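Colleague: Can you keep this structure in mind? I'll have questions shortly.
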Amino acid sequence: MVKSTLSSKAYLKIFFHAAKHPHTPVNGVLLGSLSSNVVSIVDAVPLLHHWTSLSPMMEIGLDLATQHAASLGLQLVGYYQASERLDDTALAPVGERVASKIKEGFADAIAFVIDGETIGSGAPALLPYESTSPTSSSWRPSPPDSAPYSLDDPTIPTRAVSLVRDSRLHEKFGDFDDHLEDVTIDWLRNLDSVPADLGV
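Counting from 36, one number per residue, gives the positions in the sequence shown under our numbering.
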């Protein structure tokens with residue numbers, strides 16, 4: 036079974052996206068590559084917090100994120116989402132469709148649902164989902180004992196909480212929806228919100 040490693044930069048972007056819009060659904064895609072049976076997830080691109088259905092905005096955002104990944108020598112390797120309800124950890128139907136679309140181009144794609152009840156605790160709070168079969172478009176939670184992913188820095192969830200509470204870096208974070216309202220927002224890279232010591 037292919038395993039995934041999640042970089043600190045990717046984790047922070049997922050966390051900041053959920054923290055900036057806690058009362059609306061958010062979603063985005065994961066960028067990375069496959070080497071030696073390990074998927075290295077090195078970045079995340081936040082898509083939407085308004086139009087989270089399969090809308091024209093979603094299609095455009097996915098196309099732009101795909102082009103951005105290719106420009107970095109990467110590809111879309113996964114999807115993430117958070118619900119506006121803390122206790123909702125189901126992969127939404129739109130999430131299944133987007134994750135399945137990513138899987139068409141990357142067979143080992145993974146999806147994450149943010150656990151709203153534990154995200155502020157310093158735990159990773161990412162619940163992995165996997166496709167039920169190579170040809171299926173349905174997804175299920177990964178078995179608890181499968182450990183399909185790991186963090187490259189186990190301390191990053193605690194650091195993420197501090198960066199939101201103390202530094203409020205999530206307020207500088209923007210997704211594609213934000214960019215549509217203010218074109219100066221660099222939603223593909225979000226360099227202003229990610230600490231420089233993460234090497235970005």
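Using N, Cα and C, we set each Cβ at its ideal position, and we do this for glycine too.
Note that this is a predicted model, so its numbers are computed, not measured.
Can you give me the Cβ contacts of L204 inside the same chain, cut-off strictly under 7 Å, excluding the 5 residues immediately before and after it?
Modeller: The residues are F51, L198 and S228.
Colleague: Taking Cβ to Cβ, would you say V37 is nearer than 8 Å to V61?
Modeller: The answer is no: Cβ separation not under 8 Å.
Colleague: Since F208 and L83 are thought to touch, with beta carbons under 8 Å apart, how far apart are those beta carbons, to the nearest angstrom?
Modeller: Not quite, the Cβ-Cβ distance comes to about 13 Å (not below 8 Å), so this is no contact.
Colleague: Taking Cβ to Cβ, would you say L66 is nearer than 8 Å to V80?
Modeller: Yes, Cβ-Cβ distance for L66 and V80 is below 8 Å.
Colleague: Going by beta-carbon coordinates alone, are G155 and V196 separated by less than 8 Å?
Modeller: Yes, the Cβ-Cβ distance between G155 and V196 is below 8 Å.
Colleague: Please say whether L41 and I76 have beta carbons closer to each other than 8 Å?
Modeller: A contact, by the Cβ cut-off of 8 Å.
Colleague: Straight-line CA distance for V235 to P57?
Modeller: For V235, the pLDDT reaches just 40, beneath the cut-off of 50, and the residue's location in the model is therefore unreliable, although a value from the coordinates is still provided. Near 26 Å, if we compare the C-alpha coordinates of P57 and V235.
Colleague: Indicate whether A142 and Y164 have their beta-carbon atoms separated by less than 8 Å.
Modeller: Not closer than 8 Å, so no.
Colleague: Name, in chain order, the residues that DSSP records as bridge partners for V80.
Modeller: V64, per the DSSP bridge assignment.
Colleague: Go through its chain and collect everything with a Cβ distance to L186's Cβ below 7 Å, but skip five positions before and after it.
Modeller: Here the set comprises L41, Y46 and P159.
Colleague: Taking 8 Å as the threshold (C-beta atoms), are Y115 and I137 in contact?
Modeller: Cβ distance not < 8 Å, so I137 and Y115 don't count as in contact.
Colleague: So, using beta-carbon positions, are Y184 and S39 closer together than 8 Å?
Modeller: It is a contact, given that the beta carbons lie within the stated cut-off.
Colleague: On the DSSP bridge list, what partners appear for Y184?
Modeller: DSSP, once it has assigned bridges, lists S39 as partnering Y184.
Colleague: Indicate the three-state DSSP secondary structure (helix, strand or coil) for F147 in the structure shown.
Modeller: DSSP places F147 in strand when its eight states are reduced to three.
Colleague: What does DSSP give as the partner residues of A163 in its beta bridges?
Modeller: What sits at residue 163 in the sequence shown is Pro, not Ala. Its beta-bridge partners are F147.
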